[in-house]
Every structure is written in C-alpha cells, then in structure tokens.
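**Q**
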Amino acid sequence: MRLKNLTILFLIDICIFYYNIVLQDGLIWGTLGVASSVFSLLYLQAEKAMFLIDTGIIVVSKDTDFRVRTAHKLFWSLSAFVGFIRSIRVLHAKATQLKSPDRTKCAPAQYKQACMTSTKLLLDVIHAVSWLPPGWLWGGTLSAQQASAVGSASAVLALIILHNGKRLASSK
39 MRLKNLTILF LIDICIFYYN IVLQDGLIWG TLGVASSVFS LLYLQAEKAM
89 FLIDTGIIVV SKDTDFRVRT AHKLFWSLSA FVGFIRSIRV LHAKATQLKS
139 PDRTKCAPAQ YKQACMTSTK LLLDVIHAVS WLPPGWLWGG TLSAQQASAV
189 GSASAVLALI ILHNGKRLAS SK
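For the sequence shown, this note's numbering gives the first residue as 39, with consecutive numbering after it.
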C-alpha cells in the first residue's frame, strides 16, 4: 500500500511539474525538461540499486546485475543527452541576444558561459555513452584512459563554468 501511495504522489508531482513547464516553455521544450528530470530520477534509482548490489546488501543474478548496470549507464546517457539538447537552445538564445542592438553589457560573457556549458554537456554525453556495453552507440570503444580524460575535461570545464558564473553574478 505504501508503494502505491508513493507512486501516486510521484505521478501527481510529475503532472504538476509538466503543467508548469508546458505553460512556461511550450510543449516540446517542456517535455524535454520533464524527460530530463525523469531520466535523472531513474539514473539515481539505478545508482542506488548498483550500490546495494556492490555492497552485498542485495544479492542478484549476473543477468540482473548486468541489466541494472546497463540501465544505470543508459539513464545517465539519456539525462546527459537531453541536458545537451536543452543547452543548445540556451546557446541559441544567447547568440540571438548577442546580435541584438539593445544587448546588455554582460551579453558576451553570458554567450561565452552558454558555449562552455554546451561543450561540457557534450563531453558528458561522450563520457556517459562510452561506458555503455559494446554495440550501444560507441559504448565500449573508448579505452578507460580516454573515457577518464573526457570525464576529467568535463569536470575541469565545470569548475571554470562555476568560477565564471560567480564572477558574472557578482558583476550584475
């Protein structure tokens, strides 16, 4: 009964969130926003399941273990991909703002920030998909060193974005 109540609350939350997003961003971008949230939630649940399997709290067959690990990486990849697509929209908006004759003083910095964010999210997609099983897009084709280098580049870029974002916020 408790699981059923939680499921109903979760569905109500998604419906309310979806309604707000659709009103604010439109059907396509609102749906992508909801999809991003759903993929992130599923990714986190799969990560919890992996933790429980890795620590031996729950014991599952090798087949189930493989499915949980694949689902974890798939939801990670989907979440990163949807985030990248949404960042392209922001990048386009900032580029349009940059070309506007009545642009703000910080428009070039905002455009640069959007460029770095899109680049970071593209690196996240490359990194996430590289850990999928062979045969899933380019999963398994990057060596561990190459995948780690892509992940490290994404992390460094995230720190730069954070630093620039704080500078940009303090200059307003």
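Just so you know, even glycine gets a beta-carbon here, dropped at the ideal spot from N, CA and C.
Please classify Ile164 as buried or exposed, where buried requires at least 16 other C-beta atoms within 10 Å of its C-beta.
**A** buried
**Q** What are the boundary residues of the alpha helix (DSSP H) that includes Leu200?
**A** Its alpha helix (DSSP H) spans residues 182-208.
**Q** By Cβ distance below 6 Å, which residues in the same chain neighbour Leu161 in space, the five residues on each side in sequence not counted?
**A** Val188, Ala191, Ser192, listed in sequence order.
**Q** Are the CB atoms of Phe104 and Leu80 nearer to each other than 8 Å?
**A** No, the pair does not count as a contact, with Cβ atoms beyond the cut-off.
**Q** Given a threshold of 16 other Cβ atoms within 10 Å of its Cβ, counted over all protein chains shown, does Gly121 qualify as buried or as exposed?
**A** buried
**Q** Does the distance from the C-beta atom of Ser156 to that of Ser115 stay below 8 Å?
**A** no
**Q** Gly67 by DSSP, collapsed to three states: which one?
**A** According to the sequence provided, residue 67 is Trp. The question's Gly does not apply to it. Helix, per DSSP.
**Q** Among the candidates Ser138, Glu85, Thr69, Ile123, whose CA atom is the shortest distance from the CA of Thr108?
**A** Glu85
**Q** Determine the closest residue to Thr102 out of Ile91, Phe77, Ser74, with distance taken between C-alpha atoms.
**A** For Thr102, the nearest C-alpha among the options comes from Ile91.
**Q** Taking 8 Å as the cut-off, decide whether the C-beta atoms of Ser186 and Trp176 are in contact.
**A** no
**Q** Could you tell me the distance, in whole angstroms, from the CA atom of Asn202 to the CA atom of Gln151?
**A** 7 Å
**Q** Quick one: is His130 buried, meaning 16 or more other Cβ sit within 10 Å of its Cβ, or exposed?
**A** exposed
**Q** Going by beta carbon distance, what residues of the same chain come within less than 8 Å of Ala196, once the five residues before and after it are set aside?
**A** Lys158
**Q** How would you label Leu200, buried or exposed, when you count the other beta carbons within 10 angstroms and need 16 or more for buried?
**A** Classified as exposed, Leu200 has fewer than 16 neighbouring CB atoms from the shown chains inside 10 Å of its CB.
**Q** From Ala35 to Tyr149, what does the alpha carbon distance come to, in whole angstroms?
**A** Since the first residue shown for the chain is 39 and the last is 210, residue 35 is missing from the structure and cannot be characterised.
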